[in-house]
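Using our numbering, you'd call the opening residue of the sequence shown number 218 and step up by one each time.
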Amino acid sequence: MAILSGLAVYFVIWWLVLFAVLPIGLRTQDEDQNVVPGTVASAPTRFRAARIFLTTSIVSALIYGAWYVAGTYFGISFNDLPVIMPGVEPQG
């Protein structure tokens, strides 16, 4: 796999994992009974961007590593996944 292709796949995985990691450990202003005027009650009390980005990067690296090993050493690709749409034949 080319380096740019690998980076593109990692970026897509990272972006998807980011949205899964965002709500983990989040405390809202409403939960802390300290809603700042002009903000919604569901806004975070403290936004910890560094922790979120680090967690996202670690989880993404693990997922990317599993995907890379499955593709490189075991030869598993997206064409090996079952076809969900009836009437569509797999390519290859």
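Glycine included, every Cβ here is placed at the ideal spot set by N, Cα and C.
(1) Which residues does DSSP list as the beta-bridge partners of P261?
(2) Would you mind sorting V234 into buried or exposed? The rule is 16 or more other CB atoms within 10 Å of its CB.
(3) As an exercise, report each continuous alpha helix (DSSP H) stretch of at least 4 residues that is fully enclosed by the region 266-293, in chain order.
(4) Three Cβ pairs or more, each shorter than 8 Å: is that satisfied between the region 234-251 and the region 261-270?
(5) Give the secondary structure of V252 by DSSP, where H, G and I count as helix, E and B as strand, and everything else as coil.
(6) Smallest Cα separation from F295: which of L221, V226, P254 and Q246?
(7) DSSP three-state label for L298, please.
(8) Can you give me the C-alpha to C-alpha distance between V276 and T256, rounded to a whole angstrom?
On the basis of the data shown:
(1) In the DSSP output, where bridge partners are listed per residue, P261 has T245.
(2) buried
(3) 266-289
(4) yes
(5) coil
(6) That would be V226, whose Cα lies nearest to the Cα of F295.
(7) coil
(8) 31 Å
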